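S.K.:
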Amino acid sequence: MTMSRRRRRVLLPYALMAPALVLLVGMIYPFGLGVYYSLTNYWLQYPKRFRFIWFDNYINLVGEPLFLRALEFTIGFTVVAVAVQVGLGLAVALFLHARIPGRAVLRALMLMPLMIPPVITALMWKIMMASTNAGILNYMLSFLGIDPINWFGSTQGAVVSVLIIDTWGNLPFVSLILLGALQALPTEPYEAAVVDGAGPAAMLRYITLPLLAPFIVLAVTFRTMDSLRIFDVIYATTQGGPNDATTNLQIMAYQFSFQWYQMGKGMAQVIVLLLLVVLVSYLLLRLWNRAAERTVY
Amino acid sequence: MASPAVRTRNVVIAVAALILLLWTVFPFIWILLTSLKQPNDIISVPPKFVFTPTFDNYAALVMGEQRGQYASTRPDFPLFFLNSMIISVGAVALSLLAAIPAAYALARFDFPLKNELAFIFMSFRFVPFIAFVIPLYLLYQKFGLYNTHLGLILAYQLITLPFTIWMLRSFFMEVPLEIQEAATIDGCSWLGVLMRVILPLSMPGIAVTVILGFMFCWNAFNYPLMLAGRQTFPVTVGAIQFISYEQVLWGQMAAATIVAALPQLVLSLMVQKYIVRGLTMGAVR
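Top line first, the protein sequences correspond to chains A and B. Number 235 in my numbering belongs to position 235 of the first sequence; there are no gaps in the numbering. Position in the second sequence (first residue = 1) + 1000 = my numbering.
1. Going by DSSP in three states, residue 143 of chain A sits in which element: helix, strand or coil?
2. Does the Cβ of residue 1037 of chain B have 16 or more other Cβ atoms within 10 Å, making it buried, or fewer, making it exposed?
3. Please classify residue 1006 of chain B as buried or exposed, where buried requires at least 16 neighbouring CB atoms within 10 angstroms.
4. Indicate the three-state DSSP secondary structure (helix, strand or coil) for residue 40 of chain A in the structure shown.
5. Check the Cβ of residue 19 of chain A against every Cβ in chain B and list those closer than 8 Å, keeping chain order.
6. Take every Cβ of the segment 1244-1253 of chain B, pair it with every Cβ of the segment 1053-1063 of chain B, and state whether three or more of those distances are shorter than 8 Å.
7. On the DSSP bridge list, what partners appear for residue 52 of chain A?
8. Got a sec: is the Cβ-Cβ distance from residue 1222 of chain B to anything in chain A below 8 Å?
9. Scan the segment 1159-1176 of chain B for residues whose Cβ lies nearer than 7 Å to a Cβ of chain A and list them as they occur along the chain.
10. Going by other Cβ atoms of all chains shown within 10 Å of its Cβ, with 16 needed for buried, is residue 68 of chain A buried or exposed?
11. Can you find a C-beta in chain A that's less than 8 Å from the C-beta of residue 1012 of chain B?
12. Just checking: is the beta-carbon of residue 1111 of chain B within a distance shorter than 8 Å of some beta-carbon in chain A?
13. Where do the ends of the alpha helix (DSSP H) carrying residue 166 of chain A lie?
14. Between residue 52 of chain A and residue 61 of chain A, what straight-line distance do the alpha-carbon atoms span, to the nearest angstrom?
15. I'd like to know whether the C-beta atoms of residue 20 of chain A and residue 123 of chain A end up nearer to each other than 8 Å.
16. State the start and end residues of the unbroken alpha helix (DSSP H) segment that holds residue 1113 of chain B.
17. Please state if the CB of residue 108 of chain A and the CB of residue 1272 of chain B are separated by a distance shorter than 8 Å.
18. Any residues in the segment 1023-1056 of chain B with a beta carbon nearer than 7 Å to a beta carbon of chain A? Which ones, in chain order?
19. Given that a residue counts as buried once 16 or more other Cβ atoms are within 10 Å of its Cβ, and exposed if not, what is residue 266 of chain A?
20. Should the segment 1202-1215 of chain B be regarded as contacting the segment 1165-1183 of chain B, the criterion being three or more beta carbon pairs within less than 8 Å?
21. Compute the distance between the beta-carbons of residue 295 of chain A and residue 210 of chain A, then report whether it is under 8 Å.
22. Going by the CB atoms, is the gap between residue 284 of chain A and residue 217 of chain A shorter than 8 Å?
23. Does residue 1248 of chain B come out as helix, strand or coil in the three-state DSSP assignment?
24. How far does the alpha helix (DSSP H) with residue 323 of chain A in it extend, from its first residue to its last?
25. Thinking C-beta only, is residue 1232 of chain B closer than 8 Å to residue 1083 of chain B?
26. Nearest-angstrom Cα distance between residue 1216 of chain B and residue 1165 of chain B?
27. Quick check: is the beta carbon of residue 267 of chain A nearer than 8 Å to any beta carbon in chain B?
28. Assign residue 25 of chain A to one of two classes, buried (16 or more other C-beta atoms within 10 Å of its C-beta) or exposed (fewer than that).
29. Can you tell me the Cα-Cα spacing of residue 154 of chain A and residue 255 of chain A, whole angstroms?
30. Looking only at DSSP bridge pairs, what is residue 1243 of chain B linked to?
31. Identify each residue in the segment 1111-1130 of chain B for which the Cβ-Cβ distance to at least one residue of chain A is less than 8 Å, and report them in chain order.
32. Is it buried or exposed for residue 1229 of chain B, if we count other Cβ within 10 angstroms and need 16 for buried?
33. Relative to the alpha-carbon of residue 12 of chain A, which residue among B:1043, B:1097, B:1109 has its alpha-carbon at the smallest distance?
34. Just verifying my parser: in three-state terms, what is the DSSP assignment at residue 259 of chain A?
35. Apart from the five residues just before and just after residue 214 of chain A, which ones in its own chain have a Cβ nearer than 7 Å to its Cβ?
36. Would you say residue 281 of chain A faces chain B, with C-beta separation under 8 Å as the test?
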């Protein structure tokens, strides 16, 4: 039996997609199963108690003090981390965009923190952030008259440590996006501004930043998505402590499901995180669309 | 003679460049130094910049020998390195096999649900990994995939497949349509167009995609943390094994981080122009 040429032509793209679609089903199936578990009281140690409980896991989250603190930390950390990283990243990009000697070398070196495994980054800083004066960071700070900081042992220290480590690893991402954008900017507006007698500050404010806006929003979007879900760095350094000070939703879901084996509750927590990520990404991508439309050049 | 204002400006620039350089490079230098220290040099106050270097920590990594009495829990780093290689190469190869035809279809054919399918693949980028790891852990325990290379290669498709499809699609779309049309007029079938036009012309793009995909797999920590066991740990999970309740083996951990980061440092220089494009799945050129 031969298929008509036309029919084959229609089916061909799907045939080409087939292997990827098989893998896609293999990816969607566990996710669907997980969503189902989030509606059950699945507790690995008590399989006989398994029961479908509708939205109880979600409803009970509201009365769970740890959940509220984890939600607060997730959002608070993201806001601060993204602000710091995009602010500093923009500064670094503007700095490297100027004709600095050794710019190419600096640019290449900046790839290093970006591309090594985040958990390795965390371990490197863990070594440097030893809490006594044997820790190189505390030793260097002692020259500034700062007493040894208990980096991972105090609640504030732990939050700041995670922020510093995450920033070290991801600042280059923001810088490189914005540096690439800066180098692709059109020259005409600047030529016109020079004719009009505008100074560097005015050019930055009225030409560079508006033209960069879509890229800044894009950097914010990617950094926000990843900061909301930060796991590796926290796991390798503070494990969410001390006193749950660095427990975000992802760490909390990990603890519920892999330390206490309450898979149903863990899944419900992570679905809430997913909804948060989707909502924030949607809003940011809409902002990006608007910014991109405004800067058609 | 430069005016004082210009001189001041140059000094400020030099200081800023120095701070940026130190911030970026110093952690690597310090960890390298730490990895060459004896245990008592590591905990000395103040920290030592000058000391007698030793390769004991690296030797311990390679031999699997560990100082202290906890030999039963010693990390087997050469095995972890091999595991990272097997899983990363396997995952990228599987993704590439599935993604080449898929990306070709998405780049060069029009068919119903095309954009929806492309979006579904990208949407995996939004999902927190725990949402996959919980059900995968339970399924893997049941079907014998837990603590196997195959299980990890399949789980890593969550990292590599959407990425590979989107990157290849964007590279395939850059192949000029005119060349494809000329090949079609010369009698090339869809397979001929793929094999003789699209693939050869996108070779650099494919190479970049493969290298970046490999790097993302190498960096993966959270999937193997839950789905691998001692026989299949990659270097990322292996490196944290130097922290135990009894002690932290700082020197060996420093050596392990250097070894785990080394392939990334070499590869990232090879693909430096494309890293941003890779990290944004093609959104930023």
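Note that the Cβ used here is the ideal one computed from N, Cα and C, for glycine as well. As the structure is a computational prediction, the values presented were derived from the model and not from experiment.
M.R.: Let me spell this out:
1. Collapsing the DSSP output to three states places residue 143 of chain A in coil.
2. Taking a 10 Å sphere around the C-beta of residue 1037 of chain B, we find 16 or more other C-beta atoms and assign the residue as buried.
3. When all chains shown are included, residue 1006 of chain B counts as exposed.
4. Strand at residue 40 of chain A.
5. For residue 19 of chain A, the chain B residues whose C-beta falls within less than 8 Å of its own C-beta are 1097, 1098, 1101, 1102, listed in chain order.
6. At 8 Å Cβ cutoff, the stretches touch.
7. Beta-bridge analysis with DSSP links residue 52 of chain A to A:40.
8. For residue 1222 of chain B, at least one C-beta of chain A is nearer than 8 Å to its own C-beta.
9. Those residues of the segment 1159-1176 of chain B that come within reach of chain A (Cβ to Cβ, closer than 7 Å) are 1161, 1165.
10. Result: exposed.
11. Against chain A, the CB of residue 1012 of chain B has no partner CB under 8 Å away; the residue lies outside that interface.
12. Judged by the 8 Å Cβ criterion, residue 1111 of chain B is in contact with chain A.
13. It spans 155-183 - the alpha helix (DSSP H) in which residue 166 of chain A sits, taken as one unbroken run.
14. Going from the Cα of residue 52 of chain A to the Cα of residue 61 of chain A covers about 17 Å.
15. Remark: C-beta atoms of residue 20 of chain A and residue 123 of chain A do not approach each other more closely than 8 Å.
16. Counting along the chain, residue 1113 of chain B falls outside any alpha helix (DSSP H), and DSSP gives it neither H nor E.
17. Contact annotation: residue 1272 of chain B and residue 108 of chain A have beta-carbon atoms nearer than 8 Å.
18. Listed in sequence order: 1024, 1025, 1027, 1028, 1030, 1031, 1034, 1043, 1044, 1045, 1046, 1047.
19. Answer is buried; the Cβ neighbour count reaches 16.
20. Yes: the two stretches touch, three or more of their Cβ pairs being nearer than 8 Å.
21. The answer is yes: Cβ separation under 8 Å.
22. Their beta carbons are under 8 Å apart, which means residue 217 of chain A touches residue 284 of chain A by this criterion.
23. Here residue 1248 of chain B sits in strand by DSSP.
24. Residue 323 of chain A lies beyond the residue range present for chain A, which begins at 1 and ends at 297; the question has no answer from this structure.
25. For residue 1083 of chain B and residue 1232 of chain B, yes; Cβs fall inside 8 Å.
26. As the crow flies, the alpha-carbon of residue 1216 of chain B is around 15 Å from that of residue 1165 of chain B.
27. Using a CB distance cut-off of 8 Å, residue 267 of chain A counts as an interface residue toward chain B.
28. By the beta-carbon neighbour count (other beta carbons within 10 angstroms, threshold 16), residue 25 of chain A is exposed.
29. A straight-line Cα-Cα distance of about 20 Å links residue 154 of chain A and residue 255 of chain A.
30. According to DSSP, residue 1243 of chain B bridges with B:1248.
31. Contact residues of the segment 1111-1130 of chain B toward chain A are 1111, 1114, 1117, 1120, 1121, 1124, 1125, 1126, 1127, 1128, 1129, 1130 (C-beta to C-beta distance below 8 Å).
32. Exposed, because fewer than 16 other Cβ atoms sit within 10 Å of the Cβ of residue 1229 of chain B.
33. Closest option to residue 12 of chain A, Cα to Cα, is B:1109.
34. Correct three-state label for residue 259 of chain A: helix.
35. The residues are 288, 291, 292, 295.
36. Judged by the 8 Å Cβ criterion, residue 281 of chain A is in contact with chain B.
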